[in-house]
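What follows is a short report on a single structure.
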Amino acid sequence: MAHIGVLKVFEREHIQFDYLAGTSMGAILGAAYASGKSVEQIEEIALKFSKRSELIKLLDLSPRKRGLLEGHKVREFLRTFFGEIETFEQLHYPMSIIAVDLKTGKEVIFRHGELMPAIFASSAIPGIFSPVSFQNYFLVDGGVLNNLPVDRAREMGAGFIIAVNVHSEMTIESNTVSKHGLFPVRFPGFFQDSYNALIIMMNEMTQQKIKIAKPDIVLSPKMPSQFTSITGFTHTREIISLGKACAEEAMIEIRQKIDLLD
86 MAHIGVLKVF
96 EREHIQFDYL
106 AGTSMGAILG
116 AAYASGKSVE
126 QIEEIALKFS
136 KRSELIKLLD
146 LSPRKRGLLE
156 GHKVREFLRT
166 FFGEIETFEQ
176 LHYPMSIIAV
186 DLKTGKEVIF
196 RHGELMPAIF
206 ASSAIPGIFS
216 PVSFQNYFLV
226 DGGVLNNLPV
236 DRAREMGAGF
246 IIAVNVHSEM
256 TIESNTVSKH
266 GLFPVRFPGF
276 FQDSYNALII
286 MMNEMTQQKI
296 KIAKPDIVLS
306 PKMPSQFTSI
316 TGFTHTREII
326 SLGKACAEEA
336 MIEIRQKIDL
346 LD
């Protein structure tokens, strides 16, 4: 949700993009913006689902046990939200969406063709959502290998990259997915441990990605530890504000570096 606050500032400051790359929620919000949705429209939907009563409507327990949730309700909502935008070719910007294939253990990069399977796969958090079977792949959240796909933006031709790292100050002890009563079941301890281990790996790989890929600007909204990737939805308004504040604080540096390019 912090991405929404960043986009609000960029729009206000007339910062325009040539390319977008995203993983997980970054893929959803990036694709929504690239599809022509205004930041206000995206924010309105995000705030709607910050209400626990609305969010619970999207939960569908998985009978297959490949994830806690089957994900059909979330995906049907996304199809409705994107409407007639069904392919990458319909987006206003070239975009890379990242997922991971469980069969090969390799990163899968989507840039062409059907948009919805790419979004569904990129946001299929292991253990939470069932993997997505598409083409010859069995796909989960791209954050498993590349949660901040700076390298994929550079591959598309981007010469100046602003990366938004939304996991910057997350603490492991706060990552208790059932802590706030969002889900209708209490998770067993082994699930909590597995989820925390995933977060640890993702955060470490993201820091390594920043060191290797060297984005020109890294925005790291100061996220309180209780706002996690699962339980943070009910704090959407505050998280948007944190993204906005981070972008505003960095705007002088962004302007200076952009001016040097000119």
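For the sequence shown, my numbering assigns the number 86 to the initial residue and increments by one for each residue that follows. Glycine is no exception: its CB is placed at the ideal position from the N, C-alpha and C atoms. These figures come from a predicted structure and were not determined experimentally.
Three or more C-beta pairs below 8 Å linking the region 100-114 and the region 220-236 | With the cut-off at 8 Å, the region 100-114 and the region 220-236 touch.
CB-CB under 6 Å to valine 188, same chain, minus the five flanking residues each way: which ones, in chain order?
-> A small fix is needed here, since residue 188 is lysine in this sequence, not valine. Cβ neighbours of lysine 188 beyond the five flanking positions: Phe223.
Rounded separation between serine 163 and alanine 248 - CA only | Correcting the residue type first, residue 163 is leucine in the shown sequence and not serine. Leucine 163 and alanine 248: Cα-Cα distance of roughly 24 Å.
If you drop the 5 nearest sequence neighbours on each side, which residues of the same chain put their C-beta closer than 6 Å to that of leucine 105?
-> Gly115, Ala119, Tyr178 and Met180
Output yes or no for whether 9 Å exceeds the beta carbon distance between glycine 228 and phenylalanine 276.
-> no
From the DSSP output, in three-state form, read off glycine 242 for me.
-> coil
Apart from the five residues just before and just after phenylalanine 219, which ones in its own chain have a Cβ nearer than 7 Å to its Cβ?
-> The answer, listed in chain order, is Pro202 and Ala206.
Report all residues from its chain with a CB closer than 6 Å to the CB of alanine 238; omit the five preceding and five following residues, and keep chain order.
-> Tyr104, Ala106 and Ile246
How should threonine 291 be labelled, buried or exposed, when 16 other C-beta atoms within 10 angstroms of its C-beta is the threshold for buried?
-> buried
Rounded to whole angstroms, what's the CA-CA distance from arginine 137 to proline 309? Just pull it up for me.
-> 20 Å
Indicate the three-state DSSP secondary structure (helix, strand or coil) for aspartate 226 in the structure shown.
-> strand
Helix, strand or coil: which one does DSSP assign to glycine 152?
-> Assigned with DSSP and collapsed to three states, glycine 152 falls in strand.
Taking leucine 200 as the reference, which of Ile170, Leu283 and Phe312 has the closest Cα?
-> Ile170
Contact set for isoleucine 89: own chain, Cβ-Cβ below 7 Å, skip 5 residues either direction | These residues qualify, in order along the chain: Leu114, Val124, Ile127, Glu128, Ala131, Ile325 and Gly328.
Would you kindly work out how many angstroms separate the C-alpha atoms of lysine 191 and glycine 198, rounded to a whole number?
-> About 20 Å.
Inside the region 288-341 only - alpha helix (DSSP H) runs reaching at least 4 residues = none
Identity of the residue in Gly156, Ser135 and Gly152 nearest leucine 144 by Cα | Gly156
Taking all protein chains shown into account, do 16 or more other C-beta atoms lie within 10 angstroms of the C-beta of isoleucine 210, making it buried, or fewer, making it exposed?
-> buried
Using the rule of at least 16 other Cβ atoms within 10 Å of the residue's Cβ for burial, across every protein chain shown, is leucine 346 buried or exposed?
-> exposed
Contact set for threonine 172: own chain, Cβ-Cβ below 7 Å, skip 5 residues either direction = Gly198, Glu199 and Leu200
In this structure, does DSSP put alanine 209 in helix, strand or coil?
-> coil
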